Each structure stands twice: as structure tokens, then as C-alpha cells.
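K.L.:
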Ligand SMILES: [Zn+2]
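Right under this line is the structure:
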């Protein structure tokens, strides 16, 4: 019995062994194939992230150039505005309140420039994404590149003038007016000017009544009245020549240098919307259509009329009493260096030259080497 069974058992074992071997072989093949595919995928992925990293590094270089140009522009304009131009101060004006020294502003700009020079591209990546360049995935590297590109675009790419471009601010102005004046104004805006004027008179009458009744308790009734009675788009929000009547001095900057729809960027410290760093806006941006006339806000001498880096066509007036005013991004200038100007004289037209995001007048007021908020003089 044993002898008969043995070959059969051997045959069965042999067959099983062959099947097993075949199975093992095909499995090995399978794993090998899978590994090869994975390697190929990883290689492609590596090449992809390398390309993204290279693009990031390139963008960092562009970013450095753009930012340095901005800092240099800032520093040179601070120097230009704080200079006394070797012009004799005849009647020293009383110093305005709340100012910032140009030296501090210049130091800030220089510190920021040094800061950037000392920040490696890896450190920038960490600031932008919270992770290192090595650990950042493709999405994070892309994100960092896009953030830098947005800053570059902010700083550099929007320098071209767009003639006759209407400011993009009017709808916002309307919103602002609505917020301020609420329901009354919503109705007023639908009526024509005559109706508005009528209503203004009514409001004035009411205000006068209120004033009489509450003269002692409400000294600030007048600004309220102004807001309510000025729904027209081009109206300034403050009385233009208030300072004049107070001081009787045409050498102290006062009033609006041009008509404007709104202050599109106020004076003071601001956080950059993209890269989150602090910077200082040392003037006010008055949004106004291209070609709007710009007038001198005080008597003085044209200390500079020319191109000043990011400020484009720039005019500096020295008012010979410590005060100096600056007018940037003009489309056209109609005075030249050393010209004498009177308050209210035409000096140029609104534009978007230099580093500018649209037609507006960037307006600065200095007192000696102190930078002041021009909004207080408008
Ligand atoms: Zn500005």
C-alpha cells in the first residue's frame, strides 16, 4: 500500500510546491512593479516641489528688490521733506500738536530694510507659513510664493497711470455717508439737488433751534450740522478755511489741496494687509479723479518740483515759517523749483505717477523735522 501511495503523495506535494512558487513569483513581481511606480511618483513629486521651491526663491529675490526700492523711496522722501531747503524762516509758526519726528520714521524704514536683509528665505517661509522650507508641502510653498507676489504687486506693479480713470471709491463713499447719516440720507439721495437744498435749510433751522436751546450743554452741535447737511459727493467733511479765520495767517497750511471723494488712506501706523508688518503712512491719501486741480494750501516757495522715486511727480512747498507741504503722484505739475506761490494757487493735477494704486493725491504736512497729520488741517 505504502509503495503505491508514495508517488501520488510526491506528485501532489510537487504540484503544490509549483503553485506556491508561481504565487510567490507573481507577488514579488507585483511588489516590484508597485515600488517602481511609487518611485516614479515620488521622483515626479520631488521634481514638482523642487520647481515650486525654486519659484519661491526667485520670488523672495523679487520681493527683496521691491521692498528695498520702497524703503529707499521712503527714506529719500523723508530727507527731502524734513530739509529746511536753506530757506530762511521768517515768521516761526507755533508748533502743531502730536507730531512724529522724521528721524524716527527714517530709523523705522532703515531698521525694516536691515531686518529684511538679515532675514533668510527660510525664515521668511517660516513667517509666511509657520513651517520650514524643507517641511513645507507643495501647497504651503505655493502659498508663501503667492503672498510675496501679492506684496510685490502692491509695492511695484501698480505704478502705471490710467488716464481718466474714475476712482474706485465712490460706492464706498456712499456707504460711508449712509452709515453716518443713516435713514435721512437714504431718502435724500433719491431726491434732486433742489430738494436736498430745501432739506438742508430745514435741517439748518432745526439745528439753530437746537443750538439756541442747548447752547451751553452742547458745544459740538456744529460738526453734527455739517455732517447732516453735506450729502453731496464732492463735499469735504471739514470746513476748509477754518484755520485761516482763526489765525489770519496764509503761511500755515490749511484747507483741502484738492476736492476729493474720501480719505482712502489715513495718516499713521498701519499693518500691511499681506505681510503683516507695521509701516507708517506719513500723509493722507485723498482719492480724486485724474486731472483734478491741486492748489497750494499756504503761501510759500516751491522747494522741489520733480520726480521723487515712488512719489512720482512730487512738489514740496516751503512755507518759510517751519511748515512744509508735499504733494505726490501728480499727473502734471504747473510750477517749478523756486517759484513763489500764494495760498490757493494751482500747482498741478491729480494723477497716479510713482507707486500708486489709483488716482489720488498723497498729501504731507511737515513742521521742521516733524511729520504731522494733514487731516487736522483739511
Ligand atoms: Zn499715501
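Residue numbers (my numbering): 8 to 385. Built from N, CA and C at the ideal position, the CB exists for glycine as well. If you're wondering where the values come from, they're calculated on a predicted model, not measured in any experiment.
Between the beta-carbon of residue 99 and the beta-carbon of residue 328, is there less than 7 Å?
P.N.:
To locate residue 99, count along the chain shown from 1; it is residue 92. To locate residue 328, count along the chain shown from 1; it is residue 321. Contact flag set, yes.
K.L.:
Using a Cβ-Cβ cut-off of 7 Å (strictly less than) and excluding sequence neighbours within five positions of residue 366, which residues of its own chain qualify?
P.N.:
On the chain shown, residue 366 is found 359 positions in, with the first residue counted as 1. Beyond the five residues adjoining it in sequence on each side, residue 366 comes within less than 7 Å, by CB distance, of 172, 174, 295, 296, 297, 357, 358 and 359 in the same chain, given in chain order.
K.L.:
With DSSP as the reference, identify every bridge partner of residue 292, one or two as the case may be.
P.N.:
Here the question's residue 292 lines up with position 285 in the chain shown. For residue 292, which the question treats as bridged, DSSP gives the partners 272 and 369.
K.L.:
With respect to the alpha helix (DSSP H) encompassing residue 136, which residues constitute its N-terminal and C-terminal limits?
P.N.:
Translated into the one-based positions of the chain shown, residue 136 becomes position 129. It spans 128 to 136 - the alpha helix (DSSP H) in which residue 136 sits, taken as one unbroken run.
K.L.:
Can you tell me whether DSSP reads residue 63 as helix, strand or coil?
P.N.:
For the purposes of this step, residue 63 is taken as the residue at position 56 of the chain shown. In the displayed model, residue 63 falls within a helix according to three-state DSSP.
K.L.:
Report, in whole angstroms, the separation of the C-beta atoms of residue 323 and residue 88, which I expect to be a contact under 8 Å.
P.N.:
If you number the chain shown from 1, residue 323 lands on position 316. If you number the chain shown from 1, residue 88 lands on position 81. The Cβ separation is near 6 Å, so the contact holds.
K.L.:
Please go through the same chain and pick out, in chain order, the residues whose beta-carbon is closer than 7 Å to the beta-carbon of residue 341, but skip the five residues on each side of it.
P.N.:
In the chain shown, the residue the question calls residue 341 occupies position 334. 353, 354 and 355, listed in sequence order.
K.L.:
List the whole-angstrom C-beta distance separating residue 260 from residue 336, where the pair is believed to meet the contact cut-off of C-beta under 8 Å.
P.N.:
For the purposes of this step, residue 260 is identified with residue 253 of the chain shown, where counting begins at 1. For the purposes of this step, residue 336 is identified with residue 329 of the chain shown, where counting begins at 1. That belief does not hold up - the Cβ atoms of residue 260 and residue 336 are roughly 18 Å apart, past 8 Å.
K.L.:
May I have the straight-line CA-CA distance separating residue 83 from residue 153, to the nearest angstrom?
P.N.:
As a first step, residue 83 is located in the chain shown; it is residue number 76 there, counting from the start. As a first step, residue 153 is located in the chain shown; it is residue number 146 there, counting from the start. For residue 83 and residue 153, the distance between alpha carbons rounds to 29 Å.
K.L.:
Where does residue 303 sit, in a helix, a strand or coil, going by DSSP?
P.N.:
Translated into positions along the chain shown, residue 303 becomes position 296. Residue state, collapsed to three classes: coil.
K.L.:
Mind checking whether residue 343 and residue 312 have CB atoms under 7 Å apart?
P.N.:
Here residue 343 is taken as the residue at index 336 of the chain shown, counted from 1. Here residue 312 is taken as the residue at index 305 of the chain shown, counted from 1. Taking 7 Å as the Cβ cut-off, residue 343 and residue 312 qualify as a contacting pair.
K.L.:
When the Cβ atoms of the segment 64 to 84 are set against those of the segment 115 to 130, are three or more pairs found closer than 8 Å?
P.N.:
yes
K.L.:
Do the segment 122 to 142 and the segment 60 to 67 touch if we need at least three Cβ pairs shorter than 8 Å?
P.N.:
yes
K.L.:
Determine the burial state of residue 236: buried for a count of at least 16 other Cβ atoms within 10 Å of its Cβ, exposed for fewer.
P.N.:
As a first step, residue 236 is located in the chain shown; it is residue number 229 there, counting from the start. At residue 236 the pLDDT is 39, less than 50, meaning the model places this residue with poor confidence and gives no usable figure here.
K.L.:
In whole angstroms, give me the CA-to-CA distance for residue 292 and residue 143.
P.N.:
For the purposes of this step, residue 292 is identified with residue 285 of the chain shown, where counting begins at 1. For the purposes of this step, residue 143 is identified with residue 136 of the chain shown, where counting begins at 1. Rounded to whole angstroms, residue 292 to residue 143 spans 39 Å at the Cα level.
K.L.:
So, helix, strand or coil for residue 363, using DSSP?
P.N.:
Within the chain shown, residue 363 is the residue found at index 356, counting from 1. Looking at residue 363 - three-state DSSP - the assignment turns out to be coil, as it is neither helix nor strand.
K.L.:
Taking DSSP as the reference, what is the three-state secondary structure of residue 106?
P.N.:
Position 99 of the chain shown holds residue 106. The answer is coil: DSSP assigns residue 106 none of H, G, I, E or B.
K.L.:
Would you identify the three-state DSSP class for residue 355, choosing helix, strand or coil?
P.N.:
In the chain shown, counting from the first residue as 1, residue 355 sits at position 348. Reduced to three states, the DSSP call for residue 355 is strand.
K.L.:
Is it buried or exposed, residue 137, if we count other Cβ atoms within 10 angstroms and call 16 or more buried?
P.N.:
Mapped onto the chain shown, residue 137 falls at position 130. With fewer than 16 other Cβ atoms within 10 Å, it is exposed.
K.L.:
Would you list the residues whose beta-carbon is nearer than 6 Å to any heavy atom of ligand 1, in the order they occur in the chain?
P.N.:
272, 288, 290, 292 and 369
K.L.:
In angstroms, rounded to a whole number, what distance separates the CA positions of residue 73 and residue 91?
P.N.:
For the purposes of this step, residue 73 is identified with residue 66 of the chain shown, where counting begins at 1. For the purposes of this step, residue 91 is identified with residue 84 of the chain shown, where counting begins at 1. Answer to the nearest angstrom: the Cα atoms are 30 Å apart.
K.L.:
Pick helix, strand or coil for residue 387, following the three-state DSSP scheme.
P.N.:
Since the displayed the chain opens at 8 and closes at 385, residue 387 lies outside it and no answer follows.
K.L.:
May I have the straight-line CA-CA distance separating residue 264 from residue 160, to the nearest angstrom?
P.N.:
Against the chain shown, residue 264 aligns to sequence position 257. Against the chain shown, residue 160 aligns to sequence position 153. Whole-angstrom Cα-Cα distance: 29 Å.
K.L.:
Grouping DSSP H, G and I as helix and E and B as strand, with all else coil, what is residue 115?
P.N.:
Taking the chain shown and counting its residues from 1, the one referred to as residue 115 is at position 108. Reduced to three states, the DSSP call for residue 115 is helix.
K.L.:
Going by other Cβ atoms of all chains shown within 10 Å of its Cβ, with 16 needed for buried, is residue 54 buried or exposed?
P.N.:
Here residue 54 refers to the residue found at position 47 when the chain shown is read from its first residue. Taking all protein chains shown into account, residue 54 has fewer than 16 neighbouring C-beta atoms within 10 Å of its C-beta and is therefore exposed.
K.L.:
Here's a check: name, in chain order, each residue in its chain whose Cβ is nearer than 7 Å to the Cβ of residue 376, leaving out the five neighbours to either side.
P.N.:
The sequence position of residue 376 within the chain shown is 369, counting from 1. If we look at residue 376 and ignore the five residues flanking it on each side, its Cβ neighbours are 89, 108, 109 and 110.
K.L.:
Locate the alpha helix (DSSP H) running through residue 154, then write down its first and last residues.
P.N.:
Within the chain shown, numbered from 1, the residue matching residue 154 stands at position 147. First-last of the alpha helix (DSSP H) with residue 154: 145 to 159.
K.L.:
Within the same chain, show all residues whose beta-carbon is closer than 8 Å to that of residue 270, passing over the 5 residues directly before and after it, in chain order.
P.N.:
Here residue 270 refers to the residue found at position 263 of the chain shown. Result list for residue 270: 291, 292, 293, 294 and 382, in chain order.
K.L.:
The beta strand (DSSP E) with residue 334 in it runs from where to where?
P.N.:
Within the chain shown, the letter at position 327 stands for residue 334. Unbroken beta strand (DSSP E) run through residue 334: 330 to 337.
K.L.:
Among residues of its own chain, excluding the 5 on either side of residue 103, which ones have a beta-carbon nearer than 6 Å to its beta-carbon?
P.N.:
Looking up residue 103 in the chain shown gives position 96. So the list reads 374 and 379, once near-sequence residues are dropped.
K.L.:
Using the beta-carbon count (16 or more within 10 Å), is residue 147 buried or exposed?
P.N.:
Position 140 of the chain shown holds residue 147. Label assigned to residue 147: buried.
K.L.:
Straight-line CA distance for residue 123 to residue 68?
P.N.:
Numbered from its first residue, the chain shown carries residue 123 at position 116. Numbered from its first residue, the chain shown carries residue 68 at position 61. Between residue 123 and residue 68, the C-alpha separation is close to 11 Å.
K.L.:
Within 10 angstroms of the Cβ of residue 278, are there 16 or more other Cβ atoms? Answer buried if so, exposed if not.
P.N.:
As a first step, residue 278 is located in the chain shown; it is residue number 271 there, counting from the start. Flag for residue 278 reads exposed.
K.L.:
Is it right to say residue 12 is buried, meaning 16 or more other beta carbons lie within 10 angstroms of its own, or is it exposed?
P.N.:
Working through the chain shown from its first residue, we reach residue 12 at position 5. It is exposed - the Cβ of residue 12 has fewer than 16 other Cβ atoms within 10 Å.
K.L.:
Could you check which residue in 106, 49, 70 and 96 has the C-alpha nearest to that of residue 126?
P.N.:
Locating residue 126 in the chain shown gives position 119, where the first residue counts as 1. Looking at the Cα atoms, 70 is the closest of the given residues.
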